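*Asks:* Chains as they are written, first to last, in numbering that gives the first Met the number 0: chain G, 0 to 106; chain R, 0 to 106; chain W, 0 to 106; chain C, 0 to 106.
Got a structure for you, written out below as C-alpha cells; questions coming shortly.
Protein chains: 4
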Amino acid sequence: MSYDILQRLTETIASRKGAAAETSYVAKLFSKGEDAILKKVGEEATEVLLAAKGGDKAHLVYETADLWFHCLVLLEQHDLSINDVLIELARREGVSGITEKMGRKND
Amino acid sequence: MSYDILQRLTETIASRKGAAAETSYVAKLFSKGEDAILKKVGEEATEVLLAAKGGDKAHLVYETADLWFHCLVLLEQHDLSINDVLIELARREGVSGITEKMGRKND
Amino acid sequence: MSYDILQRLTETIASRKGAAAETSYVAKLFSKGEDAILKKVGEEATEVLLAAKGGDKAHLVYETADLWFHCLVLLEQHDLSINDVLIELARREGVSGITEKMGRKND
Amino acid sequence: MSYDILQRLTETIASRKGAAAETSYVAKLFSKGEDAILKKVGEEATEVLLAAKGGDKAHLVYETADLWFHCLVLLEQHDLSINDVLIELARREGVSGITEKMGRKND
C-alpha cells in the first residue's frame with residue numbers, strides 16, 4: 000500500500016506544478032514560491048512536536064502526515080521526489096545498517 | 000521499493016526499542032527519551048530548510064531522509080508506525096482528493 | 000530605550016492576560032492556550048531563518064521582532080518576564096563571560 | 000538593567016566577529032558561517048518549545064536566553080543589532096499599540 004499512496008501523491012503533486020493557483024491548494028502553494036512551502040514545513044514540524052507532547056496518537060499521525068505531505072511538495076519544487084529520499088535511505092542501509100550509519104554521523 | 004525500505008527501517012527501529020543504549024544510535028536515542036527524539040526532529044526540519052535554501056539537491060535529499068528517519072523513530076516511541084501515516088494519507092485521498100482536502104483545511 | 004520598550008511591552012502583554020479574547024490579538028492568543036503561543040514561536044523562528052537567507056535586513060529585523068514579541072507572550076503565559084531572561088543572561092556574563100560560558104556548554 | 004546587559008552582550012558579540020575561531024564560542028560560530036548560526040536558532044527555538052511543554056520555569060528561562068543570545072549573533076552577522084529590533088518594536092507601539100498592530104497582521 001505504501002508504494003501506491005506515496006507514488007500517487009507524488010504524481011498528484013507533480014501535476015499541480017504550473018497549474019493555475021486557484022485550482023488547488025498545492026497549485027496555490029507552488030505559485031507562492033519556495034518560501035511559502037518552507038514556512039509550511041517549519042509550521043508542520045512545530046505541530047508534530049506539539050502533537051507528540053500532547054500525547055494524542057491520532058493527532059500525532061495527522062500532523063506527521065501533514066509534514067510528510069509538505070516535504071513531498073518541497074521535493075517536487077526542487078524537481079526531486081520521494082524516490083530520491085527512499086534511495087538515500089536504502090543506500091545508508093546498504094552501507095552498514097542504517098542505525099550504525101546514523102550513529103557515526105551523529106554521535 | 001518504497002514499501003520495502005520504509006518497512007525494513009520500521010522493523011529495525013522497533014527492534015532497537017528497549018535495547019541497551021550503547022548498541023546503536025537509535026537505541027541510545029530511545030534511552031534518552033522523547034525530548035531527545037523531538038530535538039532531533041526540530042533540528043532536522045531546520046536542516047531541511049537550510050538545505051532547500053542552499054539549492055544543493057543531494058543535500059536536500061540527505062536532510063529530508065534524516066527528517067523522515069527521525070519521524071519514524073518518533074512514531075515508534077508512540078507505538079505507531081509508518082503505516083498509520085500512510086493510512087491517514089490514503090484516507091485523505093479517498094475523501095475527495097488530497098489536494099482539495101488540504102485546501103479546505105489550510106485556506 | 001531598550002528597557003523602556005521591553006518593559007512597556009511586558010506590561011501591555013500582562014494586561015491582556017485574562018482579558019476577553021476579542022479585545023486584542025494577545026488576549027485572543029492567551030485564550031487559545033499555550034499550544035497556540037508555541038505554534039507562533041515555531042512559525043516566527045522559521046520566518047527568521049527564511050528572512051536571514053533572503054538577505055533583506057529590514058525583513059530580518061521585522062521577523063526577529065515578531066519572534067521576540069511571541070517569546071514575551073510565552074514568558075507571561077508561564078508567569079515569567081523579560082527580566083528573568085535578562086537576569087539569566089547577566090548571570091552567565093558574571094560567571095566568566097558569556098561567550099566562554101556558552102562555549103563550555105555547546106562545544 | 001536590561002539596556003546594560005543587552006548592550007554589553009551586543010558589544011561582546013561584535014568584538015568576536017572576525018576574531019580567531021579558537022578564541023571563543025561566538026568567534027567559532029561566526030567562522031562557520033551563517034548556516035551554523037541559523038541551525039542554532041532553529042535548535043534553540045525547538046528547545047524553548049520543549050522547555051515550555053516540560054513546565055520547568057527555570058528551564059524555559061534558560062532556553063529563551065539561549066534563543067535570544069543566538070538571535071543577537073545572527074543580527075550581528077547581518078550588521079544589525081538589538082537596537083534595530085527594539086526600534087521596530089517601538090515603532091509598532093507608536094503606530095497604534097503593539098497588540099492591535101499584531102492583531103491586524105495576524106488575524
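By construction, the Cβ of each residue, glycine as well, lies at the ideal position given by its N, Cα and C atoms.
No experiment lies behind these values; they were computed from the predicted model shown.
Evaluate residue 31/W with the Cβ neighbour count: other Cβ atoms within 10 Å of its Cβ, from every protein chain shown; 16 or more gives buried, anything less gives exposed.
*Replies:* Numbered from its first residue, the third sequence carries residue 31/W at position 32. It counts as exposed.
*Asks:* Between the alpha carbons of residue 43/C and residue 4/W, how many angstroms are there, rounded?
*Replies:* Reading the fourth sequence from its first residue, position 44 is the one you call residue 43/C. Reading the third sequence from its first residue, position 5 is the one you call residue 4/W. So the alpha carbons of these two residues sit roughly 24 Å apart.
*Asks:* Starting from residue 32/C, trace the alpha helix (DSSP H) both ways and give me its first and last residue.
*Replies:* Reading the fourth sequence from its first residue, position 33 is the one you call residue 32/C. Note, residue 32/C: premise wrong, no alpha helix (DSSP H); not H, not E.
*Asks:* In whole angstroms, what separates the C-alpha of residue 52/W from that of residue 73/C?
*Replies:* The residue you call residue 52/W lines up with position 53 of the third sequence. The residue you call residue 73/C lines up with position 74 of the fourth sequence. Cα to Cα, residue 52/W sits roughly 11 Å from residue 73/C.
*Asks:* For residue 14/W, which of helix, strand or coil comes out of DSSP?
*Replies:* One-based indexing of the third sequence puts residue 14/W at position 15. It is helical.
*Asks:* Exposed or buried, which one is residue 10/C when buried takes at least 16 other CB atoms within 10 Å?
*Replies:* Looking up residue 10/C in the fourth sequence gives position 11. With fewer than 16 Cβ atoms within 10 Å of its Cβ, residue 10/C is classed as exposed.
*Asks:* Would you please verify whether the beta carbon of residue 48/R is less than 8 Å from any beta carbon of chain W?
*Replies:* For the purposes of this step, residue 48/R is taken as the residue at position 49 of the second sequence. Yes, residue 48/R lies at the interface with chain W (some Cβ there is under 8 Å from its Cβ).
*Asks:* Taking 8 Å as the CB-CB limit, is residue 22/R close to chain W?
*Replies:* Sequence index remark: in the second sequence, residue 22/R carries index 23 (1-based). It does not: the Cβ of residue 22/R has no partner Cβ on chain W nearer than 8 Å.
*Asks:* Going straight from the alpha carbon of residue 57/C to that of residue 68/R, what length do you get?
*Replies:* Translated into the one-based positions of the fourth sequence, residue 57/C becomes position 58. Translated into the one-based positions of the second sequence, residue 68/R becomes position 69. One C-alpha to the other measures close to 32 Å.
*Asks:* Kindly provide the ranges of any beta strand (DSSP E) runs that are 3 or more residues long and lie completely inside the segment 31–99 of chain W, ordered along the chain.
*Replies:* With a minimum length of 3 residues, no continuous beta strand (DSSP E) run stays inside the segment 31–99 of chain W.
*Asks:* Restricting to Cα atoms, I'd like to know which of 34/W, 27/W, 78/W, 24/W is closest to residue 60/C.
*Replies:* Here residue 60/C refers to the residue found at position 61 when the fourth sequence is read from its first residue. Ranking the options by Cα distance to residue 60/C, first place goes to 78/W.
*Asks:* Just mark residue 37/G as buried or exposed, buried being the case when its beta carbon has 16 or more other beta carbons within 10 Å.
*Replies:* Stepping through the first sequence from its first residue, residue 37/G is reached at position 38. Residue 37/G should be labelled buried.
*Asks:* Please list the partners that residue 83/C has in chain R, where partner means a Cβ-to-Cβ separation under 8 Å.
*Replies:* The residue given as residue 83/C occupies position 84 in the fourth sequence. Under the 8 Å cutoff, chain R gives no residues; its nearest Cβ is about 22 Å from residue 83/C.
*Asks:* Restricting to Cα atoms, I'd like to know which of 86/R, 50/R, 48/R, 46/R is closest to residue 63/G.
*Replies:* Position 64 of the first sequence, counted from the first residue, corresponds to residue 63/G. Closest by alpha carbon: 86/R.
*Asks:* Any C-beta of chain G sitting closer than 8 Å to the C-beta of residue 41/R?
*Replies:* Position 42 of the second sequence, counted from the first residue, corresponds to residue 41/R. So yes, residue 41/R belongs to the interface.
*Asks:* For residue 20/R, which of helix, strand or coil comes out of DSSP?
*Replies:* Locating residue 20/R in the second sequence gives position 21, counting from the first residue. Note: residue 20/R maps to helix in three-state DSSP.
*Asks:* Taking only beta-carbon atoms, is residue 45/R less than 8 Å away from chain W?
*Replies:* Here residue 45/R refers to the residue found at position 46 when the second sequence is read from its first residue. Yes, contact with chain W.
*Asks:* Based on Cα-Cα distance, which residue from 49/R, 40/R, 50/R, 54/R lies nearest to residue 50/G?
*Replies:* Here residue 50/G corresponds to residue number 51 of the first sequence, with the count starting at 1. When only C-alpha atoms are compared, the closest one is 40/R.
*Asks:* So residue 92/W and residue 15/C are in contact, right, with Cβ under 8 Å, and what is the actual spacing, rounded?
*Replies:* The residue labelled residue 92/W in the question sits at position 93 within the third sequence. The residue labelled residue 15/C in the question sits at position 16 within the fourth sequence. Contact flag wrong, Cβ pair sits at about 14 Å.
*Asks:* Mind reading off the beta-carbon distance from residue 75/W to residue 35/W? Whole number of angstroms is fine, and I expect it under 8 Å.
*Replies:* Counting from 1 along the third sequence, the entry for residue 75/W is found at position 76. Counting from 1 along the third sequence, the entry for residue 35/W is found at position 36. Actually they are not in contact, since the Cβ atoms of residue 75/W and residue 35/W sit about 14 Å apart, beyond 8 Å.
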